[in-house]
Amino acid sequence: MAALCESFTLCGLGPSSGVGLGGGLLALEPGPDPDHVLLTDRGRTATLFKVSDQKPLGCWSVKHGQMITCPVVCNFETHEYIAVHDDKVLRIWKEKDINLDKVFKATLSAEVYRIHSLPSGGPVVLFRGGGVRTLDVLLEAPQQEIENVISDEVIKWSEAFMEGQQPVLTFATEKDGDFFVYVQKLKTNSLHRFKLEQQEFSKPSSFTAYLKNQIITLLCLCSNDCVYKVLIPLQQNTEEEEQILSRSRLLTLSVSGSVLKGTSVVVLDKDHIAVLGSLTASGEESKECLTIWNTKFQTLQTSKELPLGTSGQLWCYEEKFFFTHGKVLTVIMYKCETSSLAAAVGKLKDSQTPDVSAFVNWNTLGDEELVVSFQSQQSVDLKSESKMTLRSKRNSVDEVQPNDLSVGQLLLNLKDASTTAFEGELRQWMSKAQTPDLQATIGCVVTALVNRCRTNPKYYPRSFLLQIVQTRDLSYSLCPDLMVFALERKDVRLLQTCLQRFPDIPDEITYACLKLFLSISEAYLQGADVNLDSVICYIDMEFNNKEVKTEVVENGFSTELEQDIWGTEYTKETHLTNDGELCPVGPQKAALLNSVLRSAYTETFLLPHLKNLPAQQAVLFLRYLFYLYVKCSEKINTALPGTNSPSINQIIDWMCLVLDAHFTVMVMLPEAKALLSNLHKFVRAQVRLYSELNKIEGSLRELQRLNHQKDSQTYSIEVLEII
Numbered sequence: 001m002a003a004l005c006e007s008f009t010l011c012g013l014g015p016s017s018g019v020g021l022g023g024g025l026l027a028l029e030p031g032p033d034p035d036h037v038l039l040t041d042r043g044r045t046a047t048l049f050k051v052s053d054q055k056p057l058g059c060w061s062v063k064h065g066q067m068i069t070c071p072v073v074c075n076f077e078t079h080e081y082i083a084v085h086d087d088k089v090l091r092i093w094k095e096k097d098i099n100l101d102k103v104f105k106a107t108l109s110a111e112v113y114r115i116h117s118l119p120s121g122g123p124v125v126l127f128r129g130g131g132v133r134t135l136d137v138l139l140e141a142p143q144q145e146i147e148n149v150i151s152d153e154v155i156k157w158s159e160a161f162m163e164g165q166q167p168v169l170t171f172a173t174e175k176d177g178d179f180f181v182y183v184q185k186l187k188t189n190s191l192h193r194f195k196l197e198q199q200e201f202s203k204p205s206s207f208t209a210y211l212k213n214q215i216i217t218l219l220c221l222c223s224n225d226c227v228y229k230v231l232i233p234l235q236q237n238t239e240e241e242e243q244i245l246s247r248s249r250l251l252t253l254s255v256s257g258s259v260l261k262g263t264s265v266v267v268l269d270k271d272h273i274a275v276l277g278s279l280t281a282s283g284e285e286s287k288e289c290l291t292i293w294n295t296k297f298q299t300l301q302t303s304k305e306l307p308l309g310t311s312g313q314l315w316c317y318e319e320k321f322f323f324t325h326g327k328v329l330t331v332i333m334y335k336c337e338t339s340s341l342a343a344a345v346g347k348l349k350d351s352q353t354p355d356v357s358a359f360v361n362w363n364t365l366g367d368e369e370l371v372v373s374f375q376s377q378q379s380v381d382l383k384s385e386s387k388m389t390l391r392s393k394r395n396s397v398d399e400v401q402p403n404d405l406s407v408g409q410l411l412l413n414l415k416d417a418s419t420t421a422f423e424g425e426l427r428q429w430m431s432k433a434q435t436p437d438l439q440a441t442i443g444c445v446v447t448a449l450v451n452r453c454r455t456n457p458k459y460y461p462r463s464f465l466l467q468i469v470q471t472r473d474l475s476y477s478l479c480p481d482l483m484v485f486a487l488e489r490k491d492v493r494l495l496q497t498c499l500q501r502f503p504d505i506p507d508e509i510t511y512a513c514l515k516l517f518l519s520i521s522e523a524y525l526q527g528a529d530v531n532l533d534s535v536i537c538y539i540d541m542e543f544n545n546k547e548v549k550t551e552v553v554e555n556g557f558s559t560e561l562e563q564d565i566w567g568t569e570y571t572k573e574t575h576l577t578n579d580g581e582l583c584p585v586g587p588q589k590a591a592l593l594n595s596v597l598r599s600a601y602t603e604t605f606l607l608p609h610l611k612n613l614p615a616q617q618a619v620l621f622l623r624y625l626f627y628l629y630v631k632c633s634e635k636i637n638t639a640l641p642g643t644n645s646p647s648i649n650q651i652i653d654w655m656c657l658v659l660d661a662h663f664t665v666m667v668m669l670p671e672a673k674a675l676l677s678n679l680h681k682f683v684r685a686q687v688r689l690y691s692e693l694n695k696i697e698g699s700l701r702e703l704q705r706l707n708h709q710k711d712s713q714t715y716s717i718e719v720l721e722i723i
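To convert, note that position 260 of the sequence shown is 260 in full-length UniProt numbering; the numbers rise steadily by one, no gaps.
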């Protein structure tokens with residue numbers, strides 16, 4: 001659960017503010033104390049503020065004609081301040097200094113992009129050419145040559161971390177629309193370059209990242225109003241060529257028909273992010289607002305409208321948001337509590353809040369959180385063992401078997417194991433695991449497998465994942481990365497199984513599966529592994545061209561009528577069924593589409609996604625739905641044969657959805673005109689048939705009543721006329 005608390009103004013930003021921030025705010029950095037922040041003006045001034053008192057503690061400016069070109073930072077080890085003006089001139093001073101002309105000055109040989117100050121690693125300097133130096137190394141020879149790592153690339157973002165005792169710096173660059181990510185380890189002087197996977201209409205506009213368990217998690221706020229997650233392991237093979245980083249969609253910034261056009265994103269904890277941007281809805285004026293999202297349950301937790309507008313920048317320190325609002329710098333405090341489904345949907349009771357352990361399930365943590373959970377479990381175990389004797393402790397340790405390991409401990413032990421050993425140990429553990437929350441634990445195993453596949457693209461345990469989904473009662477929420485990863489790999493069998501087994505698939509993922517199934521060619525699907533149980537009873541697997549026979553069946557329907565309905569325009573991609581009727585798709589694609597038709601959805605949330613379905617795919621899908629509708633109408637019970645076949649109600653509901661989403665396009669498309677006309681004729685014939693049946697319904701009921709009243713022991717033949 002996350003909430004925005006009280007807000008206040010830290011300082012003004014106009015010319016009359018009195019703190020030298022008239023040129024606007026360039027950046028905000030933490031000060032030497034948790035209650036201090038360091039503001040850098042888009043000009044020549046830096047100001048130190050005490051947040052709780054909303055008062056400036058110091059203000060320093062460079063001379064007229066000079067300009068500070070990167071954010072001023074604090075050296076946490078020496079409590080000195082570091083600034084760069086005019087791209088190459090370095091200044092270092094203490095808080096008691098007043099005149100920057102009299103403080104330490106060094107002219108560097110290359111332009112500085114940014115300085116990052118680490119609490120225990122000292123300042124790290126990133127140059128515009130991609131070169132990296134610690135401040136101590138740089139001060140030994142300020143005029144030393146700085147290598148040019150990037151060529152014709154522009155740095156868009158950078159961040160520094162501490163991995164143990166080693167500083168690690170990562171930065172993102174752009175060249176001709178392509179984005180690259182660099183990871184530099186300073187002590188080992190190793191540099192790795194990655195190319196960020198590009199998707200159409202999803203250009204990154206803002207980045208943020210955090211480091212945990214030797215994995216950098218990079219979050220990208222993209223132009224398609226989505227936040228993507230990229231995992232970058234620090235352990236890399238130096239002999240490998242440039243790798244392409246795949247990204248998975250973490251969150252879609254839309255709710256109730258409104259879309260958030262984000263400008264900045266920051267990470268709050270493992271389940272929450274904050275996004276600053278403009279909330280737009282059709283027919284309404286956009287409103288700038290600050291939002292907090294739950295990434296685990298894909299929900300908007302809270303938001304605050306900002307009517308005076310912002311600069312699009314957002315900073316977060318010590319559970320406080322900092323951003324410009326109109327002509328002032330505003331501070332909003334927030335709180336984030338342990339994520340739970342009840343909190344995500346706003347149903348968490350106050351009485352439950354203190355009992356945090358009731359909502360924490362350590363077995364559902366991802367790979368990057370296993371070390372933290374393992375350490376937490378160890379600390380609990382040590383406390384419980386404090387009353388034992390040394391001998392009993394030794395005995396308890398000796399009795400621990402591999403099968404008694406928790407999933408967090410097991411995955412931690414197998415982190416560096418080979419793929420064969422990794423999969424084998426997981427299979428053995430799953431066959432013997434007996435835990436109260438086994439499904440959640442298995443979901444954690446699936447997430448670990450997916451994460452391993454992302455870090456090692458050559459590894460893909462398809463049969464193992466398929467076996468887990470088929471034999472375990474999982475859900476989408478227990479392993480949300482699985483279907484996203486299957487979509488990336490175009491694994492139609494795994495997606496089909498997930499659609500059949502998972503009860504809580506988001507509508508966005510259902511739409512993505514539908515779009516993928518419709519876009520894959522029939523030739524590709526011929527060799528694909530697809531479960532055909534839902535179509536094998538009404539589509540001929542051999543596709544033999546049988547003689548078309550005309551017969552009248554129970555519902556007053558004939559195959560001649562069906563052939564007339566489909567017409568001759570749709571014979572290019574059709575397949576003959578057992579009765580000689582035409583199906584617009586092959587059996588593999590039909591089986592995949594059936595799995596989509598049977599999945600649960602919410603019309604309000606699915607309809608906006610269906611509107612993005614390409615027109616040709618929408619026509620093909622509607623043709624298949626029409627075909628199923630005709631097949632259902634052949635029999636009195638209006639049901640398709642076979643297992644896992646869609647019902648007539650599901651078929652009609654999906655037809656209505658497609659027509660609602662694409663009616664205008666369907667009317668204007670020439671190839672859809674005949675389809676709509678035939679659909680209209682068939683539905684009209686069905687309405688006429690049911691109308692006639694309704695007319696005699698009263699007479700049939702009356703006959704049934706008369707038959708019950710008569711003596712059933714006497715034999716008689718009666719002829720009744722229905723007028």
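Positions of the beta carbon are idealized from the N, C-alpha and C atoms, including for glycine.
Only a predicted model underlies this, so the values are computations on that prediction, with no experimental measurement involved.
Whole-angstrom C-beta distance between L118 and M67, which should lie under 8 angstroms: Not really, about 26 angstroms apart at Cβ, beyond 8 angstroms.
Measuring CA to CA, which of S716, L659, Y629, D41 is closest to S647? Measuring from the Cα of S647, the nearest candidate turns out to be Y629.
In the structure shown, what three-state DSSP assignment does E153 receive? In the three-state DSSP reduction, E153 falls in the coil class, being neither helix nor strand.
What is the rounded straight-line gap between the Cα of I146 and the Cα of K185? Take the alpha-carbon of I146 and the one of K185: they are about 16 angstroms apart.
Suppose contacts are defined by Cβ-Cβ distances below 8 angstroms. Is V51 in contact with K320 by that definition? Going by C-beta atoms, V51 is nearer than 8 angstroms to K320.
Using DSSP with H/G/I as helix, E/B as strand and the rest coil, what is S351? At S351, the pLDDT of 35 sits below 50, so the modelled position is not reliable; the number obtained from the coordinates is stated separately. In this structure, S351 counts as helix in the three-state DSSP scheme.
Looking at C-alpha atoms only, which residue of I536, L659, L622, T295 is the closest neighbour of L640? Checked all of I536, L659, L622, T295; the closest Cα to L640 is I536.
Counting pairs of beta carbons, one from the region 129 to 148 and one from the region 95 to 102, are three or more of them closer than 8 angstroms? Judged by pairs of C-beta atoms under 8 angstroms, the region 129 to 148 does not touch the region 95 to 102, as fewer than three such pairs exist.
Measuring straight from C-alpha to C-alpha, what distance separates S256 and G277? Approximately 17 angstroms, taken between the alpha carbons.
Cutoff 7 angstroms; reference C336; Cβ partners in own chain excluding five residues on either side: Cβ within range, chain order: A2, L268, D269, H272.
Between A83 and the rest of its own chain, which residues show a CB-CB distance below 7 angstroms, the 5 nearest in sequence each way excluded? By the criterion of a C-beta distance shorter than 7 angstroms, A83 is surrounded in its chain by A46, I68, V72, R91, once the five residues flanking it on both sides are discounted.
In terms of alpha-carbon separation, which member of P614, C5, R114 lies closest to Y334? A check of alpha carbon separations from Y334 across P614, C5, R114 identifies C5 as the nearest.
Pick helix, strand or coil for G58, following the three-state DSSP scheme. It is a strand residue.
I need the DSSP call for C336, collapsed to helix, strand or coil. Three-state DSSP puts C336 in a strand.
Can you tell which of K589, Y627, V124 has the C-alpha that lies nearest to the C-alpha of N531? Considering only alpha carbons, the answer is K589.
Assuming V125 and T107 are in contact, meaning their beta carbons sit under 8 angstroms apart, how far apart are those beta carbons, in whole angstroms? The pair is not a contact, with the Cβ atoms about 14 angstroms apart (cut-off 8 angstroms).
Considering just the uninterrupted stretch of the alpha helix (DSSP H) at E140, what are its terminal residues? Where E140 is concerned, the enclosing alpha helix (DSSP H) stretches over 135 to 140.
Would you check if the distance between the CB atom of L494 and the CB atom of T9 is smaller than 8 angstroms? In this structure, T9 does not lie closer than 8 angstroms to L494 by Cβ.
Leaving aside the five residues before and after E718 along the sequence, list all residues of the same chain whose C-beta is less than 8 angstroms from its C-beta, in chain order. For E718, same chain residues with a beta-carbon under 8 angstroms away, outside a window of 5 residues either side, do not exist.
Can you pull the DSSP bridge partners for W293? Answer is I273, L300, bridged to W293.
Examine the Cβ distances between the region 221 to 229 and the region 455 to 464 and report whether three or more of them are shorter than 8 angstroms. Cβ pair count under 8 angstroms is below three, so no.
Which residues mark the beginning and the end of the alpha helix (DSSP H) in which E488 is found? Note, E488: alpha helix (DSSP H), 480 to 489.
Same chain only: Cβ atoms within 8 angstroms of R705, ignoring 5 sequence neighbours per side: There are no such residues.
Can you look up K631 in the DSSP assignment and give me helix, strand or coil? K631 falls in the helix class under three-state DSSP.
Start and end of the alpha helix (DSSP H) containing F517? Boundaries of the alpha helix (DSSP H) harbouring F517: 507 to 519, taken from the DSSP string.
In three-state terms, what does DSSP make of M162? Correct three-state label for M162: strand.
Which one of I292, K296, Q301, T299 has the shortest CA to CA distance from L314? Considering only I292, K296, Q301, T299, the residue with the shortest C-alpha distance to L314 is I292.
Within 8 angstroms, strictly: CB atoms of Y210 and T217: Taking 8 angstroms as the Cβ cut-off, Y210 and T217 qualify as a contacting pair.
Round the Cβ separation of V446 and L482 to the nearest angstrom and send it over; I've been treating them as touching at under 8 angstroms. Between the beta-carbon of V446 and that of L482 there is about 5 angstroms, and that keeps the pair under the 8 angstroms contact cut.
Status (buried if at least 16 other CB within 10 Å, exposed otherwise) for Y601: Buried, because 16 or more other Cβ atoms sit within 10 Å of the Cβ of Y601.
Pop quiz: D87 and V112 are said to be a contact at Cβ under 8 angstroms. What is the actual Cβ separation, rounded to whole angstroms? Confirmed, Cβ separation roughly 6 angstroms.
Ordered along the chain, which non-local residues of its own chain (more than five positions away) have a Cβ less than 7 angstroms from that of S7? Contacts found: T330, V331, I332.
Close-in-space but distant-in-sequence residues of the same chain around V400 (CB under 8 angstroms, 5 per side omitted): Per-residue confidence for V400 stands at a pLDDT of 37, beneath the threshold of 50, marking its modelled position as unreliable; the derived number appears in the next sentence. The beta carbon of V400 is closer than 8 angstroms to none in its chain, skipping five residues each way along the sequence.
L196 and V230: beta carbons closer than 8 angstroms? Cβ atoms of L196 and V230: closer than 8 angstroms.
Cα separation between Q378 and T295? Because Q378 sits at a pLDDT of 39, beneath the cut-off of 50, its placement in the model cannot be relied upon, and the following sentence gives the value as read from the coordinates. Looking at the two C-alpha atoms, the distance is approximately 28 angstroms.
Just to confirm before moving on: does the CB-CB distance between F517 and L620 stay below 8 angstroms? In this structure, F517 sits away from L620, with a CB-CB distance that is not shorter than 8 angstroms.
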